[in-house]
Every structure is written in C-alpha cells, then in structure tokens.
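Residue numbers (our numbering), protein chains in the order written: chain V, 1 to 549; chain L, 1001 to 1549. Backbone N, C-alpha and C define an ideal beta-carbon position, used for all residues, glycine too.
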C-alpha cells in the first residue's frame, strides 16, 4: 500500500484555503498512485481554532468543507481532521475527529481520547474524550489511526490513565497512523522522535506521523513529519518549516520503503538554527495570514531591534521593512551609527524622527504637577512611550504592523515600558532569552556582517538616562538567564535554584521581579513561541496573586 | 448538629492571610458552639491560583497551611479546600481536594470529580478528576461532601458523563455539603439557586453550600452562600458581596433551623444593582490586594469615565481618586464643564493638562513623513495616546493605578485606541455594555445628581475630530448592544441574528468589527467580569484566524 503524507500550512478558520489545499493534495496523491493520503489533525479548520469552536456555524462550516473534500476523494482514500458534534447528549458537545474517507464517503470516524490541556493546549475546553477504539480495514491492511496526544502517554508519570493503542493493538493492526498538531519548541523534535519511536517498538508496528507546518498567531508548527519501521527505527523525516508531501510503501514485514532521497537529518540543527527558522516562518505567516505586507520597528542601535530587523527583512523582504531611528538626548552617537550601518547592510527602508521636542512638550505640560521632583522612571518612560506613539502613528497612516522587539529576559523581569517598547502587533523575540539573542545575531552574521559588530559587543543599555546600563538594575545576562530558565521553564522554587549554586539574594530578587511583572506581560502582544514555556497563552498567572512578591 | 458556613474573602497565594482567616473562623465557630465549620473550595490558596499550581513549592505551602489549620481544629471539625498531590502516578499531578479535619487530624479527603474547563475555568489543566466517592460519618450524621461543579451536572445537555451524588446517595447520607468557588455574573445567582435546589429535591437531602466572596484580579466572587431543606426549598441565603458566617442546625427530619434573622432575599436585586456592587468590590480588591490605594483616570466629560470615576470614589474613597481633564482643541466646552461638575459632586482630586502642545509636537516631528496627507485616524489616535502617556507618567511619578474606562460595546467593535484610551491597570466597565453604562449612571444618581445630567443625555462622542459622534461609525447603541449580546453571550451566527429581525448589513458589519478587533483586545487590561461572557480569560479567540472577517 502506498501512503502519501501531506505536511501543509493551514490557516485557522480559512475554509476556502484549507479545503483547496486538501483537495489539491488528494488530486496530486492520486495522480502519483497513492492508495491513501493523510492530512494533519484538525486540518479542515486549522489549529488552534480556540473559541471559534463554540460557534455552531463554525462547526457547520467544517462539515460542509468535509463534504466538499469527500466528493473529490474517488479512487483514493484520505484521512482528514476536523471537529464534529458529539452524538451523546452527556459530555462536551464536540469530538476532535479524524475522518477516513473512501469513494466519496466517510467510512470511519476516529475520535481523540487523550486531550492535551496544559501549556498552550485547551482541548478539554471543547472536546469529549473518546472511550471507543476501532481499527480501520483498507485494501487488506488494518490501520490503527490515532490523533496526536493519543500516542503520548508512554512516558513516566503519564498525564492520562488510559492508552488507546493498548486497546487497538488487540485488534491486530498492520500499521499505526497518527495525525498531529504539534507546535514547535527548540527541544521538541527530539522528544517527538523518542516518544513515537517508543510507540513503534512497543507495539511492533510501523508508524506514519503527519504534522502541521506554519504559524497561527503565536504558535509555530514546524512539520518534521516522521516515519518509523516496526522496530522503532526512524525511516524518514520530512523537512522542517516547509510544506512537503512524500510517499511511502508499507512492506509485508513491517518495513517502509520510499523512492525519494531521504530528508532524514544527518546532523540535527542547533537550537539557535531552529529558532531562527521558526521565527522567520512565524513573522511571515503572521503578516501574510492577516493580509499585511509591511513591518515597522524602532531601531535603537541595540542588539534586540537589530536582530528583529534582520529577521523581518529575511521573512518579508527588506523592501517591506521600515526601520525608524528615534533618538533622544540620551542616545549615544554610536547607537545612531550602528543603526544606520544595519539599515545599509540590510537594504531596508528607514526614517529618523528625533523625540526631544516631544518629550519636552510632555515635561512642560506636566511641569505644574512634577515641579521640584527628581527625574525618575516617569521621565524615562515618557521617552519610550513617545517613540511608541510615533511608530503607531506611522502604522495608522501607512498600514504597517509594528514589530515588538522585547526579549524574553526583559519581559520576564519587567525591564520594559508598558505602552512604550512593549508595544507591537507581534513580539518576535519575546520567547528568546538575551543570551540567545546574542547567538541569533552571530548566526545572522554567519556569512557576512549584517548586524554591526559594535551592536553585538557593546554593553546593553536602554539609553533612557545618562550612562545607563542594563546591569545597573539587573544581574549579568548569563546569570539572569540561567535563573530564568530554572524558574520559568522548569518551575523550580527559589530554594531549589539557590541549591544549584546561585546567590540567594540574586535568586530571590529575580523571582520577585518576574512575579511582579505579570500585570505588564498581560498587556503585551502575542509572542512567537519557540521554547517549551513561552509567556502568553502557555503560562497563565494571577496578576493580583501574592506568591514570591 | 450545628454547622457554621464561613463565606470569606481570600487572596490567591496569600497563605498568611488565608490561613489566619480560616483559623479565626474555626475559633469563632467553636466559641459559638458549632460542631463543624465549612470553608470554601480551594480557600487555602485562593481561587483561581492558575499556574501557581504548577510549582511544587506552592503545593507544599498549601500543605503547610493545612497542617497549621489542623492544629487549631480541636473540639470542632472543619472542612477546607486545597490542592493536593495525586498519589496515582497516572493522570494529572494534583487533585482539587476537600479536607475534613477533626481533632487536629485529616479524617477524610474528598476529591473533585467534575472539573470545569470552559469560559474562565481551566481546572483540567491542573487536576485529575476523582472516580471514588465516599460519605463522611460525623457525630451520628453521614455527610455527602462534594466540590462545586460536582453538583452541576443535573442540567439538560450536561457537560459530564457522571454524577458523583448518584454514587454517594447509595450510601444513605443525611446531608449534602458543597464547597464552591462560583464567580459572579449578573444572572448567576438565580441559576445557582435553581440547580442546587434541584439537587436537594432530587436526592431528598438538605444542602449547605459555601461560596467565596471577593475579587481576584478580574474574577469577582459574590458569596450568596445557600441553605436548602430536603424538599429543595431555599431556607436561607447569605448576603452578597460581603463576608459573613452563619450557623445552621440540622433537624432529624431533613429540615434546617437557625437563630439569626434570615437574609433570604425578598426581592432579588436588578442586574444593574448587582453589577454596581460587583464592580465596587472588584475595584476595591484589585487595589487593596495589590497594595495600592490611589486611582487615576482621564475624565472626558463623557459617560464612561464619569461612571468609572463615581464607582472608584465609592470603592476607594473620593480622596484616593485623581481625575485628570485632558482637553484637546476638539474638546467641547460642555465636556470640560461636565467633567468639572462631576469632580465637584464627588469631591475627588483633579488636575487639568491640555494636550494641544503635545499633539502639535508629534505632528511637527512627523511632518516630513505625513506632509500632504489628510488628517485621519493617525492624528486622532495621537490625541488618545498622548493622554495615555500623561496619565501613565503621573502613575509612575506618584504611584497611582490607571483605571481603564472602555465599555464592552466599544471593546467589542474595536472603537478605541490601543495604547491610548485602552490603557490601564484594570478595566472597570469593560464587561458593561454602553446601554448598561447609562443604567449604571442612573443608578449612581438614584439619590442625588452625582453624574451631571448633561453627561447622560448628550450624544456619545470621542471628540477626536470636529463634531464627531459615535454614531458616525457605529449603529445606535441599543441596536449594537442587542446584536453583541446575541453574538458574544449566546454565540449566535449572523444568519441566526438576522433571523431575529436585525438588518443584514448591520449584523455582518458588527460581527466583522468584533472579529477584526481581537488583536486590540488581546493587549487590553484585565476586565472586571460581571456577565456570563466577558472579554479576557473567558473568551479565547485566534488573532490571525479568518472567520467572519
């Protein structure tokens, strides 16, 4: 049996585009002689559709799309994913379903049993877990079809009390197929391979796995669909961050053959390479799927805005990126020069708008209230907010989307100005720690100097008062980031982190800053997610909670 | 048996305060001769603790607090709620538990079975549902103890496939006790009474129900703890929006007696009265629980900021409210006069800061870019954003928290400026439709004119260009709000709403505006929730999704 795996870029709620892609995939697979073509989880509506799923009309649109797809599915079978009404009046109103379609008809329906409801996942908000498991017979092969998380309960300390494959294996299937929507994080590809390999070995079956690629607001799907033989050996691995369809033949002894040159990775990409490719896809899909082409950002001469500018130029084309230099009286000469060098190196558009007269106007207007009080964070923030007003005015006038340039380290400790540098339509590096931003800069410069060397080597500064440095308020970034990884990604307590050798006082200060900044992070743009624990929908903290504050 | 119900105001993560309140409650109940005192669901850590629950240290702090409470629980029993580790390695790591404590020891543990995971609820993110149900014997009575949602599955189209009481009733209990964390919405009190009454009648048992009061960021808990006899008759109802402890005696025939004058409501409060009391509590707890005293807001002379100012003055004291008048060249004389009248009527503090020189400075700075282009939304938004910069500067200088004054109608259709009038620490009326804002104004003026009559009767305007009116861009508010209720609260499709008699074109325009404004709402402050469907954590929409746009 010849099976096509279609790893495609869908768009949440865009039924026309998704349906067309799926139908094209069916027609192409048929033309290439496939018996079956497999699409990803919830491909019909896109993932995550979130509360769109609470609208009956939205569910009807999914049904209508499935009917349109079924009509095209003649002389080939396909597997698609979509939400369907739960026929049982008890329980949630929907199932997360896979349709097995053959000869224009839905021949079998499989519902997902293990519903991820952690980090960025909310599936039990919408779906009833399945408790019935049946294999599908097709052309002399018996297929154990499952949906994403259904295979993820083989780990230690599992999140669920059941394993669908434990039931399905009793029906003697010949092959496992798993359709997924598994978002990117820099460490997730290896975890995915390990868990799926374990399933193939455990059940002694070949396994074909299809993932999404493409970004849906903050969530990036990296593709990397996988094929294992029945010993758990990885037979093939589809490319990451790009659409792809590939064809595999099941042999009778549980093996997998294919004719294309394998794209199995010889050497895995580094975290930074993966993050780079993820962010490029994230920016591109954010703009194209929302119907925008042009980005704007404030370019300070510092490393964060430089990296974002370079990423945006790569994602959108330099001619669609407007970099605005917004010097104040505290901006250093080297900052302006570094920013100008970057613009030249990238070939993007740029403007310069000095903010001094604006901040003077604010300070004059507030003179009756502020007279006699020392310059402090109020005046610092006026500078940052004035820049945001200018950038947003250009967005409103010319149709740009503002790119936010905050990094994860400063977002963590609240080292940023709400309604100032924390503005933007999308945060590009809000899930990238400062130490990783430096690595990204080096990676961007791998072939030639794009980001000026001086931008990389000079000590980071917000330049909101004379001779300010980040280290005036914060620990050195290598220490800060190491503590943040422990606290945010591993959820360690201060006692545990101190035991790892960090200074007591520093750890307590950092954790306190993180928790005090929840109110700021609540109002920031969506953040492209590249780590296993990003700020935003994956980390939900009380604002007025009293813990470590 | 004499049972005390303690309806208290907890604070998420504030173990010291919560533990002290619980211990005081135990000592007071003991002194008054109670056999048992019942506290609310998850009272030890506060509700919702959200991702604090993912920290082992946080769970240890809950355990430590429970031990401290148990020590005080001598010659009286108590029921407290807290998260506890799940002893089974399979499934989620925690249970949502109730401890029955007697003589310093945990005598029984009950775990919640039905885990709400819709709207603002995320309980399956953290907790494993219980599948074992046992009554608790105490002083000759058998108690069926359940936790909140465990009794909410008696409705048509239930969300869950089981009912814990169907198992517990077989053990012949004498009384049901339910501990809850049931947040306020203007229609929720009657729903609660109906469902609990149905349980008492269905199982032929008296029922005692204890709720939280107090606000945790956006979620307001209204109290209104309830007592039913075994016929389902409401025997007593605790006051709303205030702490209270009351004592009830179980009679042998399934009745309930008590000595205090009943607080059972003779006439239920109107939606607007409830919303008023809810918002006062919401503002007060937001400030006090985050350690702030002073609010600031921009006062335009319009009805939204007038209502917020009056609510803040009532919640915090007029002397802790700073109203700032921020006129532009488009502000009308009557707006300034109306704002000044309100300040006088309330006795709050005020300042006036004109913004014209600031907006001139922005427009001059942008002249090279904007020259020759017509005045449009860019210049309108500069005004709104300049006001936000001024208000935030005063926050930074003097320690105010900025109150957001956007209403639900404009938040819905995106009729507001991101980083302008959409700023603030907390949104006071972001869950109150414009038509309800008018009703709130009338209610605030019930005894004397606080909000100037002219503010209530004049046509709403943002005053960002000459002679602007809201109805230039939007339908009349009575029509707009009626459509929004159908779309947002009832999740109706455009076809269904049009069928109700609204004009096709208007409905499509409104729904489109709502969906296009997701990116704005994503970055707005937390909104005090007073309706069954508020923007924020209870409504989770894709931003780059394509549905109705």
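Reference residue i, options the options, closest by Cα
{"i": "residue 1113/L", "options": "1029/L, 1128/L, 1138/L", "result": "1128/L"}
{"i": "residue 1315/L", "options": "1268/L, 1158/L, 1048/L, 1294/L", "result": "1294/L"}
{"i": "residue 201/V", "options": "182/V, 175/V, 325/V", "result": "175/V"}
{"i": "residue 1070/L", "options": "1108/L, 1091/L, 1048/L", "result": "1108/L"}
{"i": "residue 336/V", "options": "299/V, 361/V, 199/V, 226/V", "result": "299/V"}
{"i": "residue 232/V", "options": "322/V, 147/V, 400/V, 203/V", "result": "203/V"}
{"i": "residue 1124/L", "options": "1518/L, 1051/L, 1279/L, 1487/L", "result": "1051/L"}
{"i": "residue 55/V", "options": "1217/L, 1490/L, 1105/L, 1031/L", "result": "1490/L"}
{"i": "residue 245/V", "options": "439/V, 263/V, 475/V", "result": "263/V"}
{"i": "residue 1140/L", "options": "1486/L, 1441/L, 1251/L, 1538/L", "result": "1251/L"}
{"i": "residue 102/V", "options": "30/V, 111/V, 121/V", "result": "30/V"}
{"i": "residue 1398/L", "options": "111/V, 19/V, 366/V", "result": "366/V"}
{"i": "residue 110/V", "options": "121/V, 89/V, 136/V, 120/V", "result": "136/V"}
{"i": "residue 1024/L", "options": "1068/L, 1060/L, 1472/L", "result": "1068/L"}
{"i": "residue 2/V", "options": "247/V, 161/V, 149/V", "result": "247/V"}
{"i": "residue 198/V", "options": "234/V, 501/V, 380/V, 217/V", "result": "234/V"}
Beta-carbon gap between residue i and residue j smaller than 8 Å
{"i": "residue 1236/L", "j": "residue 1206/L", "result": "no"}
{"i": "residue 1214/L", "j": "residue 1240/L", "result": "no"}
{"i": "residue 276/V", "j": "residue 443/V", "result": "yes"}
{"i": "residue 406/V", "j": "residue 422/V", "result": "yes"}
{"i": "residue 331/V", "j": "residue 463/V", "result": "yes"}
{"i": "residue 1042/L", "j": "residue 1072/L", "result": "no"}
{"i": "residue 1551/L", "j": "residue 1036/L", "result": "Since the first residue shown for chain L is 1001 and the last is 1549, residue 1551/L is missing from the structure and cannot be characterised."}
{"i": "residue 131/V", "j": "residue 178/V", "result": "no"}
{"i": "residue 402/V", "j": "residue 424/V", "result": "yes"}
{"i": "residue 1326/L", "j": "residue 1268/L", "result": "no"}
{"i": "residue 58/V", "j": "residue 1487/L", "result": "no"}
{"i": "residue 196/V", "j": "residue 159/V", "result": "no"}
{"i": "residue 415/V", "j": "residue 346/V", "result": "no"}
Residues of its chain near residue i, where Cβ-Cβ distance is below 7 Å and the 5 sequence neighbours each way are ignored
{"i": "residue 1341/L", "result": "1452"}
{"i": "residue 437/V", "result": "303, 304, 307, 407, 429"}
{"i": "residue 86/V", "result": "92, 93, 94, 95, 128"}
{"i": "residue 466/V", "result": "330"}
Rounded Cβ spacing between residue i and residue j (contact assumed at less than 8 Å)
{"i": "residue 1154/L", "j": "residue 1133/L", "result": "Incorrect: roughly 16 Å between the Cβ atoms, too far for contact."}
{"i": "residue 1227/L", "j": "residue 1006/L", "result": "That belief does not hold up - the Cβ atoms of residue 1227/L and residue 1006/L are roughly 13 Å apart, past 8 Å."}
{"i": "residue 1289/L", "j": "residue 1011/L", "result": "5 Å"}
{"i": "residue 413/V", "j": "residue 534/V", "result": "Rounded, the Cβ-Cβ distance is 16 Å, inconsistent with contact."}
{"i": "residue 385/V", "j": "residue 417/V", "result": "6 Å"}
{"i": "residue 1142/L", "j": "residue 1164/L", "result": "Contact doesn't hold; Cβ gap of about 15 Å is too wide."}
{"i": "residue 104/V", "j": "residue 49/V", "result": "26 Å between Cβ atoms; not a contact."}
{"i": "residue 278/V", "j": "residue 220/V", "result": "5 Å"}
{"i": "residue 538/V", "j": "residue 120/V", "result": "4 Å"}
Other residues of its chain near residue i: CB distance less than 6 Å, five sequence neighbours each side excluded
{"i": "residue 1498/L", "result": "1504, 1507"}
{"i": "residue 185/V", "result": "531, 532"}
{"i": "residue 1053/L", "result": "1083, 1126"}
{"i": "residue 1470/L", "result": "1460"}
{"i": "residue 1339/L", "result": "1299, 1301, 1325"}
{"i": "residue 1359/L", "result": "1382, 1383, 1386"}
{"i": "residue 1321/L", "result": "1295, 1312, 1313, 1348"}
{"i": "residue 171/V", "result": "135"}
Proximity test, residue i beta-carbon vs the ligand NAP heavy atom, cut-off 7 Å
{"i": "residue 1354/L", "result": "What this structure holds is no ligand at all, so the ligand NAP is not there to describe."}
8 Å CB neighbourhood of residue i in its chain, flanking five on each side removed
{"i": "residue 1543/L", "result": "1518, 1519, 1522"}
{"i": "residue 106/V", "result": "66, 70, 99, 100"}
{"i": "residue 1189/L", "result": "1222, 1224, 1240, 1268, 1274"}
Under 7 Å by beta carbon: chain B residues contacting residue i
{"i": "residue 1547/L", "result": "Considering every chain present, this structure includes no chain B. Its protein chains are V and L."}
Query raised in the report: Is there contact between the stretch 63 to 82 of chain V and the stretch 113 to 122 of chain V, where contact requires at least three CB pairs shorter than 8 Å?
Result: no
Query raised in the report: Does the stretch 501 to 511 of chain V touch the stretch 86 to 96 of chain V, meaning 3 or more C-beta pairs lie closer than 8 Å?
Result: no
Query raised in the report: Given 8 Å as the limit, is there contact between the stretch 1389 to 1401 of chain L and the stretch 369 to 376 of chain V, that is, 3 or more CB pairs closer than that?
Result: yes
Report task. Report yes or no: do three or more beta-carbon pairs, one from the stretch 1430 to 1439 of chain L and one from the stretch 1468 to 1485 of chain L, lie closer than 8 Å? Result -> yes
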